[in-house]
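Enquirer:
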Amino acid sequence: MLELKTPREIEAMRVTGAFIAELLDDLARRAEPGVNLLDLEHRARQLIAQRGAQSCYWDYAPSFGRGPFRNVICLSVNDAVLHGLPHDYSLRDSDLLSMDIAVSIDGWAADSARSVIVGVPRAEDERLIEATERALAAGIAAALPGNRLGDISAAIGAVAADYGFSVNTEFGGHGIGRTMHEDPHVSNVGRAGRGPRLQPGLTLALEPWFAHSTDRIIYDDDGWTIRSADGSRTAHSEHTIAITDGAPVVLTCSEHVAASAR
Numbered sequence: 001m002l003e004l005k006t007p008r009e010i011e012a013m014r015v016t017g018a019f020i021a022e023l024l025d026d027l028a029r030r031a032e033p034g035v036n037l038l039d040l041e042h043r044a045r046q047l048i049a050q051r052g053a054q055s056c057y058w059d060y061a062p063s064f065g066r067g068p069f070r071n072v073i074c075l076s077v078n079d080a081v082l083h084g085l086p087h088d089y090s091l092r093d094s095d096l097l098s099m100d101i102a103v104s105i106d107g108w109a110a111d112s113a114r115s116v117i118v119g120v121p122r123a124e125d126e127r128l129i130e131a132t133e134r135a136l137a138a139g140i141a142a143a144l145p146g147n148r149l150g151d152i153s154a155a156i157g158a159v160a161a162d163y164g165f166s167v168n169t170e171f172g173g174h175g176i177g178r179t180m181h182e183d184p185h186v187s188n189v190g191r192a193g194r195g196p197r198l199q200p201g202l203t204l205a206l207e208p209w210f211a212h213s214t215d216r217i218i219y220d221d222d223g224w225t226i227r228s229a230d231g232s233r234t235a236h237s238e239h240t241i242a243i244t245d246g247a248p249v250v251l252t253c254s255e256h257v258a259a260s261a262r
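Its first residue numbered 1, the sequence shown is counted upward by one per residue in UniProt numbering.
#1: Would you kindly report the start and end of the unbroken alpha helix (DSSP H) that includes F19?
#2: Measuring alpha carbon to alpha carbon, tell me which residue in R14, S166, T6 is nearest H239.
#3: Under the rule that 16 or more other beta-carbon atoms within 10 Å means buried, what is P248, buried or exposed?
#4: Taking 8 Å as the cut-off, does the stretch 185–201 touch the stretch 80–91 (at least 3 CB pairs, one atom from each stretch)?
#5: Pull the bridge partners of Y60 from the DSSP assignment, please.
#6: Would you mind stating whether D100 and A113 have Cβ atoms separated by less than 8 Å?
#7: Determine contact between the stretch 223–230 and the stretch 187–205, defined as no fewer than three beta-carbon pairs at a distance below 8 Å.
#8: What's the C-alpha gap between A44 and R29?
#9: How would you call V72, buried or exposed, if buried means at least 16 neighbouring beta carbons within 10 angstroms?
#10: Just reading off the alpha helix (DSSP H) that I156 is part of, what are its end residues?
#11: On a Cα-Cα basis, can you pick out the residue from A242, C253, T252 that is closest to R8?
#12: For I152 versus L206, is the C-beta distance shorter than 8 Å?
#13: Among the residues of its own chain, which have a CB less than 7 Å from the CB of G195, if the five just before and after it don't count?
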């Protein structure tokens, strides 16, 4: 069942989203060679506590993980792309770090992910991140009232194909609102014109993620961290958006950016 939000409820989600954007900005600035993943985890905990927010990850125990998850952010390095458990690892020059976080404020959740390069970048990693960001932008642009859910998936998949990346269909985007995961599932590849019709008030987390040379995944022994099956590097970009009567609204951006877009 698809739950449509009121304009007031979407504004509440925008508050959560702006906080997430600022948190990711803070962690991205700190992600330098020598910084330990656990330092980033504890910084995220500190910011969440100061804001009076609630982590959507803490104690999360879905069927695909070895729950409960006892961290507030997923930190995935290089060939790890999803659900990376923060652990005792110091970032190295040219590491590719993907950060994914969802929190709730006053009962309304938002979810966002960002990939950054630590220190000196590699051209192939910059291109991989660029592909996820452009795929995310294409998916957002397709999120228009009257379109179908498949139009979003097709737009994301088309960008992946343009870059020569294959798409894993096991994990993708999702509905979001009162909880982190709501209906519908949003695949990162699909057929235009298929699926539920998009309506104003629908809120979605769109999250294209690609590996450099495979669409197959494997799990670490921790039961959570997902890696590319061939060890190639990965990247992940995500925004929470709202379908409106006109253009879609990105909710996981900073308040000053959101204000300038109104």
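Ideal Cβ placement from N, Cα and C applies to all residues, glycine included.
Expert: So, from the listed chains and residues:
#1: 7–30
#2: R14
#3: buried
#4: no
#5: F69
#6: yes
#7: no
#8: 13 Å
#9: buried
#10: 149–163
#11: A242
#12: yes
#13: R148, L149, G150
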